Amino acid sequence: MLNRKKLLLLITLACSTVPQALAHHGLDFLLVQDAYVPTPGDLTLYGGFDWARKSSDDFFSTEPGVVIGLLPGLSFGIGTEISDDGNGWNAYSLSPYFQAQILPQAWSQRVRIALRVGYDFSLTPYESTAIVPVTITRKVTKPGRTTVVKTTSTAGGGATPPDPCTGPDCGKYTPKHAGHTATTTHTTVVTGKPIVTNETITVFKEVRTLDRIEGISSRLIVETDLTRSDRLVLNLTHFSPSHGPAQLGYAAGLRHAFNHDFAMSVEALGSFDDDNWHEAVLAAHFGLTHHLLVKFGASVGLTKDTPDFSLHTGFVLRF
16 MLNRKKLLLL
26 ITLACSTVPQ
36 ALAHHGLDFL
46 LVQDAYVPTP
56 GDLTLYGGFD
66 WARKSSDDFF
76 STEPGVVIGL
86 LPGLSFGIGT
96 EISDDGNGWN
106 AYSLSPYFQA
116 QILPQAWSQR
126 VRIALRVGYD
136 FSLTPYESTA
146 IVPVTITRKV
156 TKPGRTTVVK
166 TTSTAGGGAT
176 PPDPCTGPDC
186 GKYTPKHAGH
196 TATTTHTTVV
206 TGKPIVTNET
216 ITVFKEVRTL
226 DRIEGISSRL
236 IVETDLTRSD
246 RLVLNLTHFS
256 PSHGPAQLGY
266 AAGLRHAFNH
276 DFAMSVEALG
286 SFDDDNWHEA
296 VLAAHFGLTH
306 HLLVKFGASV
316 GLTKDTPDFS
326 LHTGFVLRF
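Going left to right, the sequence shown walks through residues 16 to 334 as our numbering numbers them.
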């Protein structure tokens with residue numbers, strides 16, 4: 016059991032210095048969560064730091080975590096997600112949870128099943144932008160109708176005198192003082208008033224959104240010892256947000272221990288939803304002391320919606 020002074024010191028360290036990606040990082044694995052539950056009174060700090068690149072953008076995340084054993088087979092943990100997704104460092108969520116082993120200890124020598132249930136409280140909304148079609152109505156002004164009007168006017172130099180000729184030679188001469196006339200045609204263009212109409216069109220705009228994501232998270236964990244050196248862990252994850260559809264995902268890992276102080280694991284995780292997230296990981300685990308484990312790994316995205324390449328670090332400190 017921990018005395019009060021030591022417990023306060025460890026909690027202070029957990030809240031101030033230890034990074035971890037709670038949504039992914041396990042204890043004996045890197046991204047897959049195993050069925051480990053501390054014995055009553057024992058405290059475990061776990062942490063990590065992630066860097067990911069997608070296209071030309073870099074993303075960083077760190078999530079401090081601490082878990083303590085409450086009863087045989089039952090533990091309580093809490094963590095917070097802190098990340099920089101291009102908008103600066105922000106604390107996005109605070110996530111308390113319980114993890115319980117389902118099988119009695121007498122049955123769990125080779126196979127262990129655990130259930131983790133918690134709630135993610137939103138601290139800062141996630142900011143994102145997307146190019147979406149937007150229907151707008153705009154006024155369109157068209158020129159008025161144009162009408163061409165022609166007018167004719169006649170101008171003369173005086174009246175034409177009567178023709179005095181009555182003989183056979185009439186019509187063979189023109190009187191010397193006959194009057195002259197001129198006809199002129201004028202063209203006028205008349206334009207009516209402009210015509211204003213409303214037009215509905217669809218355009219593409221960049222829309223900025225702020226989303227607070229919080230809700231109930233759960234994870235079913237199945238772990239088995241294949242041999243004395245090989246362990247297989249399967250996770251089925253579920254997240255039910257306060258608004259929007261539920262999300263279902265998976266994680267799986269195979270860990271081989273070469274000796275007490277060195278192991279390697281191959282892991283994969285992804286989503287069954289439309290976001291099409293799938294990632295494969297190779298990790299190395301080093302036991303520096305009996306109580307301290309450090310982990311390093313790299314992952315690649317298996318789909319276009321997953322980061323192209325990621326680096327992960329983690330550690331577990333047990334008391």
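Even for Gly, the Cβ is constructed at its ideal location relative to N, Cα and C. A quick note: this is a predicted structure, and the numbers were derived from the prediction, not measured.
For this session: Check whether the Cβ atoms of residue 271 and residue 240 sit closer than 7 Å, and answer yes or no.
Result: In the sequence shown, counting from the first residue as 1, residue 271 sits at position 256. In the sequence shown, counting from the first residue as 1, residue 240 sits at position 225. No, the pair does not count as a contact, with Cβ atoms beyond the cut-off.
Exercise. Which one or two residues does DSSP pair with residue 300 in a beta bridge?
Worked result: To locate residue 300, count along the sequence shown from 1; it is residue 285. The partner list for residue 300 (beta bridge, DSSP) reads 278, 310.
Problem set entry | Anticipated Cβ contact below 8 Å, residue 266 with residue 252, distance rounded | Residue 266 sits at position 251 when you count from the first residue of the sequence shown. Residue 252 sits at position 237 when you count from the first residue of the sequence shown. The Cβ separation is near 7 Å, so the contact holds.
Exercise. Is it true that the segment 42-57 meets the segment 82-90, where meeting means three or more beta-carbon pairs spaced less than 8 Å apart?
Worked result: yes
Exercise. According to DSSP, is residue 1 helix, strand or coil?
Worked result: Residue 1 lies beyond the stretch modelled for the chain, which goes from 16 to 334, so this question has no answer here.
Exercise. In three-state DSSP terms, what is residue 321?
Worked result: By one-based count along the sequence shown, residue 321 stands at place 306. Three-state DSSP puts residue 321 in coil, outside helix and strand.
Exercise. In three-state DSSP terms, what is residue 121?
Worked result: The residue you call residue 121 lines up with position 106 of the sequence shown. In the structure shown, residue 121 sits in a helix (DSSP, three-state: H, G or I).
For this session: Please state if the CB of residue 96 and the CB of residue 107 are separated by a distance shorter than 7 Å.
Result: In the sequence shown, residue 107 corresponds to position 92, counting from 1. In the sequence shown, residue 96 corresponds to position 81, counting from 1. Yes, the pair counts as a contact, with Cβ atoms nearer than the cut-off.
For this session: From the DSSP output, read off the bridge partner residues of residue 142.
Result: Within the sequence shown, the letter at position 127 stands for residue 142. In DSSP, residue 142 forms a bridge with 225.
For this session: Could you name each continuous beta strand (DSSP E) segment of 3 residues or more that falls completely within the segment 38-112, going from the start of the chain to the end?
Result: 58-69, 72-77, 80-86, 89-99
Exercise. Looking at residue 230 and residue 256, is the spacing between their C-beta atoms short of 7 Å?
Worked result: In the sequence shown, the residue the question calls residue 256 occupies position 241. In the sequence shown, the residue the question calls residue 230 occupies position 215. Closer than 7 Å, so yes.
Problem set entry | Beta-carbon proximity list for residue 28, same chain, < 6 Å, skipping 5 on both sides | For this step, residue 28 is matched to residue 13 along the sequence shown. Confidence at residue 28 is low in this model, with a pLDDT of 35, below 50, so the placement of that residue is unreliable and no value is reported for it.
Problem set entry | Beta-carbon proximity list for residue 331, same chain, < 6 Å, skipping 5 on both sides | On the sequence shown, position 316 is the one that residue 331 refers to. Here the set comprises 42, 61, 308.
Exercise. Is the segment 115-126 close to the segment 139-150, with three or more CB pairs under 8 Å?
Worked result: no
For this session: Go ahead and label residue 121 buried or exposed: buried means 16 or more other beta carbons lie within 10 angstroms of its beta carbon, across all protein chains shown.
Result: The count along the sequence shown starts at 1 and reaches residue 121 at position 106. Label assigned to residue 121: exposed.
Exercise. Secondary structure at residue 148, three-state DSSP: helix, strand or coil?
Worked result: Walking along the sequence shown from the start, residue 148 turns up at place 133. In this structure, residue 148 counts as strand in the three-state DSSP scheme.
For this session: Indicate the three-state DSSP secondary structure (helix, strand or coil) for residue 332 in the structure shown.
Result: Position 317 of the sequence shown, counted from the start, is the residue given in the question as residue 332. Of the three classes helix, strand and coil, the one that applies to residue 332 here is strand, per DSSP.
Exercise. What are the boundary residues of the beta strand (DSSP E) that residue 129 is part of?
Worked result: In the sequence shown, counting from the first residue as 1, residue 129 sits at position 114. Per DSSP, the continuous beta strand (DSSP E) segment holding residue 129 begins and ends at 126-137.
Exercise. So which of 217, 218, 139 has the shortest CA-CA distance to residue 338?
Worked result: As shown, the chain starts at 16 and ends at 334. That puts residue 338 outside it, with no answer to give.
For this session: Whole angstroms is fine: what's the gap from residue 306's alpha carbon to residue 276's?
Result: As a first step, residue 306 must be located in the sequence shown, where it is residue number 291. As a first step, residue 276 must be located in the sequence shown, where it is residue number 261. Each residue's alpha carbon lies about 11 Å from the other.
Exercise. Residue 65 and residue 327: beta carbons closer than 7 Å?
Worked result: The count along the sequence shown starts at 1 and reaches residue 65 at position 50. The count along the sequence shown starts at 1 and reaches residue 327 at position 312. Yes, Cβ-Cβ distance for residue 65 and residue 327 is below 7 Å.
Exercise. If we ignore side chains and look at the alpha-carbon of each, how far apart do residue 72 and residue 103 end up?
Worked result: As a first step, residue 72 must be located in the sequence shown, where it is residue number 57. As a first step, residue 103 must be located in the sequence shown, where it is residue number 88. Rounded to the nearest angstrom, the two C-alpha atoms are 13 Å apart.
Exercise. In angstroms, rounded to a whole number, what distance separates the CA positions of residue 59 and residue 289?
Worked result: Translated into positions along the sequence shown, residue 59 becomes position 44. Translated into positions along the sequence shown, residue 289 becomes position 274. So the alpha carbons of these two residues sit roughly 35 Å apart.
Problem set entry | Own chain partners of residue 38 with C-beta closer than 6 Å, once the 5 adjacent residues on each side are dropped | Along the sequence shown, read from residue 1 onward, the residue named residue 38 stands at position 23. Because the pLDDT of residue 38 is 39, which lies under 50, any placement of that residue in the model is unreliable, and the number read from its coordinates should be weighed accordingly. None.
Exercise. Buried or exposed: where does residue 222 fall if 16 or more other Cβ atoms within 10 Å of its Cβ makes it buried?
Worked result: Residue numbering aside, residue 222 sits at position 207 when the sequence shown is read from its first letter. Exposed, since its Cβ has fewer than 16 Cβ neighbours within 10 Å.
Problem set entry | Collapsed DSSP secondary structure at residue 241 in the structure displayed | Your numbering for residue 241 matches position 226 in the sequence shown. Looking at residue 241 - three-state DSSP - the assignment turns out to be coil, as it is neither helix nor strand.
Problem set entry | DSSP state of residue 160 mapped onto helix, strand, coil | For this step, residue 160 is matched to residue 145 along the sequence shown. Coil, per DSSP.
For this session: With DSSP as the reference, please indicate the residues paired to residue 154 in a beta bridge.
Result: Taking the first residue of the sequence shown as position 1, residue 154 is located at position 139. Per DSSP, 213.
Exercise. Less than 7 Å separating the beta-carbons of residue 302 and residue 282?
Worked result: Stepping through the sequence shown from its first residue, residue 302 is reached at position 287. Stepping through the sequence shown from its first residue, residue 282 is reached at position 267. The answer is no: Cβ separation not under 7 Å.
Exercise. What three-state label does DSSP hand residue 256 in the structure shown?
Worked result: Locating residue 256 in the sequence shown gives position 241, counting from the first residue. For residue 256, the three-state secondary structure derived from DSSP is strand.
Exercise. Whole-angstrom Cβ separation of residue 135 and residue 232, contact assumed at under 8 Å?
Worked result: Walking along the sequence shown from the start, residue 135 turns up at place 120. Walking along the sequence shown from the start, residue 232 turns up at place 217. Contact holds; Cβ gap of about 6 Å.
Exercise. Would a check of beta-carbon distances place residue 329 closer than 7 Å to chain D?
Worked result: Structure shown: chain D not included; a single protein chain is present.
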